[in-house]
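First comes the structure, then the notes that go with it.
Protein chains: 2
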Amino acid sequence: MGGGYEKAVSTLEAFVLRGGKRVRPSFAWTGWLGAGGDPNGSDAEAVIRACAALELVQACALVHDDIIDASTTRRGFPTVHVEFEDQHRGEEWSGDSAHFGEAVAILLGDLALAWADDMIRESGISPDAAARVSPVWSAMRTEVLGGQFLDISNEARGDETVEAAMRVNRYKTAAYTIERPLHLGAALFGADAELIDAYRTFGTDIGIAFQLRDDLLGVFGDPSVTGKPSGDDLIAGKRTVLFAMALARADAADPAAAELLRNGIGTQLTDNEVDTLRQVITDLGAVTDVETQIDTLVEAAANALDSSTATAESKARLTDMAIAATKRSY
Amino acid sequence: MGGGYEKAVSTLEAFVLRGGKRVRPSFAWTGWLGAGGDPNGSDAEAVIRACAALELVQACALVHDDIIDASTTRRGFPTVHVEFEDQHRGEEWSGDSAHFGEAVAILLGDLALAWADDMIRESGISPDAAARVSPVWSAMRTEVLGGQFLDISNEARGDETVEAAMRVNRYKTAAYTIERPLHLGAALFGADAELIDAYRTFGTDIGIAFQLRDDLLGVFGDPSVTGKPSGDDLIAGKRTVLFAMALARADAADPAAAELLRNGIGTQLTDNEVDTLRQVITDLGAVTDVETQIDTLVEAAANALDSSTATAESKARLTDMAIAATKRSY
Numbered sequence: 068m069g070g071g072y073e074k075a076v077s078t079l080e081a082f083v084l085r086g087g088k089r090v091r092p093s094f095a096w097t098g099w100l101g102a103g104g105d106p107n108g109s110d111a112e113a114v115i116r117a118c119a120a121l122e123l124v125q126a127c128a129l130v131h132d133d134i135i136d137a138s139t140t141r142r143g144f145p146t147v148h149v150e151f152e153d154q155h156r157g158e159e160w161s162g163d164s165a166h167f168g169e170a171v172a173i174l175l176g177d178l179a180l181a182w183a184d185d186m187i188r189e190s191g192i193s194p195d196a197a198a199r200v201s202p203v204w205s206a207m208r209t210e211v212l213g214g215q216f217l218d219i220s221n222e223a224r225g226d227e228t229v230e231a232a233m234r235v236n237r238y239k240t241a242a243y244t245i246e247r248p249l250h251l252g253a254a255l256f257g258a259d260a261e262l263i264d265a266y267r268t269f270g271t272d273i274g275i276a277f278q279l280r281d282d283l284l285g286v287f288g289d290p291s292v293t294g295k296p297s298g299d300d301l302i303a304g305k306r307t308v309l310f311a312m313a314l315a316r317a318d319a320a321d322p323a324a325a326e327l328l329r330n331g332i333g334t335q336l337t338d339n340e341v342d343t344l345r346q347v348i349t350d351l352g353a354v355t356d357v358e359t360q361i362d363t364l365v366e367a368a369a370n371a372l373d374s375s376t377a378t379a380e381s382k383a384r385l386t387d388m389a390i391a392a393t394k395r396s397y
Numbered sequence: 068m069g070g071g072y073e074k075a076v077s078t079l080e081a082f083v084l085r086g087g088k089r090v091r092p093s094f095a096w097t098g099w100l101g102a103g104g105d106p107n108g109s110d111a112e113a114v115i116r117a118c119a120a121l122e123l124v125q126a127c128a129l130v131h132d133d134i135i136d137a138s139t140t141r142r143g144f145p146t147v148h149v150e151f152e153d154q155h156r157g158e159e160w161s162g163d164s165a166h167f168g169e170a171v172a173i174l175l176g177d178l179a180l181a182w183a184d185d186m187i188r189e190s191g192i193s194p195d196a197a198a199r200v201s202p203v204w205s206a207m208r209t210e211v212l213g214g215q216f217l218d219i220s221n222e223a224r225g226d227e228t229v230e231a232a233m234r235v236n237r238y239k240t241a242a243y244t245i246e247r248p249l250h251l252g253a254a255l256f257g258a259d260a261e262l263i264d265a266y267r268t269f270g271t272d273i274g275i276a277f278q279l280r281d282d283l284l285g286v287f288g289d290p291s292v293t294g295k296p297s298g299d300d301l302i303a304g305k306r307t308v309l310f311a312m313a314l315a316r317a318d319a320a321d322p323a324a325a326e327l328l329r330n331g332i333g334t335q336l337t338d339n340e341v342d343t344l345r346q347v348i349t350d351l352g353a354v355t356d357v358e359t360q361i362d363t364l365v366e367a368a369a370n371a372l373d374s375s376t377a378t379a380e381s382k383a384r385l386t387d388m389a390i391a392a393t394k395r396s397y
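Right under this line is the structure:
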């Protein structure tokens, strides 16, 4: 096509290839293996391609999310919209640099989403597998976009309820990151309804527990380990389940604590103020609440997995992945 | 999913259903009929659904383009990002209203693009038809996103060449609006390579001629007929082929005219100033150039269509559509 499109696309390519933990393809692949997929079988390559298409959905989600959250760095590099903003400014092109950067990033995110579809459609999986995968693929994208919408909508509306925060966890994180990828892997193989149910229970529970761990690390994490500033979520004003639980307890029993929380969230807190809010949240019992909930979820997930027909090897691997997701300190 | 997602989606639904000329599905459907498709046959409904999926791609393109172009109205209603910006302001939610509107519109555009894929995949067309359609569908989306990228990139870089403007016409308009929809219709039926070639030649030529007519109307159109302000493209600073041709002629022969054009484009011109620029563009011969080019393209398109194996009825219909696209005054 000419005109610099190829160069712009190479930016997207570099973004996708330069890093990321490949969590979603890993769960999908493990889901396929666990259902009985043979990694040395003739369909393994097609399945790998179908699983890898999840990374292009994720590229769209990240590129567009970074515009929405006005994030400036991602994976140690400027975000895509900032990269094109910088190019525009550096070349002294006409018009508004920030707007140009966002415009290009919107289009490249769209391209990643379109190519995700191309990739799964052209993966080489059988027509039967494609038919089984179709509703899962469809649900996953509708859900993650819904989760992102709920996230910004809750924040704008100032919805402080645990229910609202939990709904974002359910769709933006759990369904998109673990439940549906596992479901996709099972559908690729043609697993029966019982294994799919077990995977979905496991994925939802571990996915929510993963996010709850993230909530704790976002407030209590050690910056030298997490790589994020101390009390990051408090300063950023994130309406997490942890915060919503603390607020609910404070509203019921400790109006002064509730005021401290509401006045502090989303402001430029000093380290001392972060420490104070941490103590308040802990004293209210919210940390214990969340830790208990993580334990309950992890146990329920383990039960669902253990009693499933997944292969022994995949059970061990999924258990390791569940531990890594929910017991981590970074 | 709850949390207001359904209501947000209903805004997208209303946007898609409230209007638009359905140009792309019409060309796709006519392409299918022309290849021999039977509108009373058993596969007609599935084909209609596959063609209609083009409207969801278009919904994404419009919703995202309106952010990129900072447009405030579309089809007589506020654009999607403005609608959510207004809601945010009206409800006195927290954060920046304009940013919220854009964020929601980015997500709803993504949803339309994802649903376009869902719609064609679940249209009920045969696996063979789906396999034939796949590369066309894929090319079309990559091309239109490329055309949009080239459009904003040319504008930012101040690329004044006819070549650059023509490249945008080729991909953003011709390929996306006529060539690929016709190709898609032919692929749905399973037409042979000769008919596909004829359709593509016809579609590219008429598509470019359509855009050239648009260029003329954007400068010379009667506001009471076009519904757009007088000299709209000049004020908006659109780098059309018409303008690029005028500039090329002026640079070669009339530096004073070139200066007038460069100083005038993209500024808040009065009606008198618009009249002056119109006269300059006409006197330079650019209008004659563009009219000649339209005639040449329409004739080449007619030849390609006439000598093709398309049905007589579809030839008549496509000719009508070509005339409507290239001889219009609105």
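Top to bottom, those sequences are chains W and R. Every position in the first sequence, counted from 1, becomes a number in our numbering once 67 is added. Every position in the second sequence, counted from 1, becomes a number in our numbering once 67 is added. All C-beta atoms in this analysis are idealised placements derived from N, C-alpha and C, irrespective of residue type, glycine included.
Query	Result
Near-chain R residues of the region 249-262 of chain W - C-beta to any C-beta below 9 Å	none
Val-235 of chain W and Leu-309 of chain W closer than 7 Å at C-beta	no
Burial state of Pro-322 of chain R (16 or more Cβ within 10 Å)	exposed
Contacting positions in the region 155-182 of chain W - beta carbon closer than 7 Å to chain R	His-155, Trp-160, Ser-161, Gly-162, Phe-167, Ala-170, Val-171, Ile-173, Leu-174, Asp-177, Leu-178, Leu-180 and Ala-181
In DSSP terms, what Pro-145 of chain W is bridged to	W:Thr-140
Lys-74 of chain W in three-state terms, based on DSSP	helix
Rounded C-alpha distance that separates Ala-231 of chain W from Ser-291 of chain R	50 Å
Residue range of the unbroken alpha helix (DSSP H) whose run includes Val-160 of chain R	Rather than Val, the amino acid found at residue 160 of chain R in this sequence is Trp. Unbroken run through Trp-160 of chain R: none, as it is neither H nor E.
Contact list for Ala-223 of chain W against chain R, beta-carbon separation under 7 Å	His-155, Trp-160, Ser-161, Gly-162 and Phe-167
Gly-415 of chain W in three-state terms, based on DSSP	Lying outside 68 to 397, the shown extent of chain W, residue 415 of chain W is not represented and no answer is given.
Neighbouring residues, chain W, relative to Cys-127 of chain R (Cβ below 7 Å)	Asp-177
Nearest to Arg-142 of chain W (by Cα), restricted to the options W:Ser-193, W:Phe-94, W:Arg-89 and W:Asp-105	W:Arg-89
Under the three-state DSSP convention, the category Tyr-397 of chain R falls into	coil
Between the CA atoms of Lys-295 of chain W and Ile-302 of chain W - distance to the nearest angstrom	11 Å
Which listed residue (W:Asn-330, W:Ala-170 and W:Ala-265) has its alpha carbon closest to that of Gly-213 of chain R	W:Ala-170
As assigned by DSSP and simplified to three states, the class of Gln-335 of chain R	coil
Residues of the region 74-94 of chain W whose Cβ lies closer than 7 Å to any Cβ of chain R, in chain order	Ala-75
Sequence-distant residues of the same chain with beta carbon closer than 7 Å to Phe-256 of chain R, five excluded per side	Trp-99, Ala-102, Gly-103 and Gly-104
C-beta atoms of Ala-172 of chain W and His-148 of chain W nearer than 7 Å	yes
Reduced DSSP category for Lys-295 of chain R - H, G, I as helix; E, B as strand; rest coil	coil
Run of the alpha helix (DSSP H) containing Met-207 of chain W, from where it starts to where it stops	194-224
Per-residue DSSP class, three states only, for Lys-88 of chain W	coil
Alpha-carbon to alpha-carbon, Phe-82 of chain W and Val-354 of chain R	45 Å
Rounded distance between the beta-carbons of Asp-185 of chain W and Ser-205 of chain R, thought under 8 Å	5 Å
Cβ-Cβ separation, Glu-112 of chain R to Pro-92 of chain R (assumed contact under 8 Å), whole Å	The Cβ separation is near 14 Å, so there is no contact.
Glu-150 of chain W to Ala-369 of chain R span [Cα, whole Å]	46 Å
Phe-269 of chain W vs Ala-392 of chain W beta-carbon contact at 7 Å	no
Alpha carbon of Tyr-72 of chain W to alpha carbon of Leu-175 of chain W, nearest angstrom	10 Å
8 Å contact criterion, which Ile-273 of chain W and Ile-245 of chain W should meet: CB distance rounded	6 Å
With 16 other Cβ atoms within 10 Å as the buried cut-off, status of Ser-374 of chain W	exposed
CB contact flag (Tyr-238 of chain W, Glu-210 of chain W, <7 Å)	yes
Through-space distance from Ala-254 of chain R to Glu-380 of chain R, alpha-carbon basis	19 Å
CB contact check: Asp-110 of chain W to chain R, cutoff 7 Å	no
Through-space distance from Arg-199 of chain W to Glu-366 of chain W, alpha-carbon basis	30 Å
Sequence-distant residues of the same chain with beta carbon closer than 7 Å to Gly-352 of chain R, five excluded per side	Arg-316
Residue range of the alpha helix (DSSP H) that includes Ile-134 of chain W	111-135
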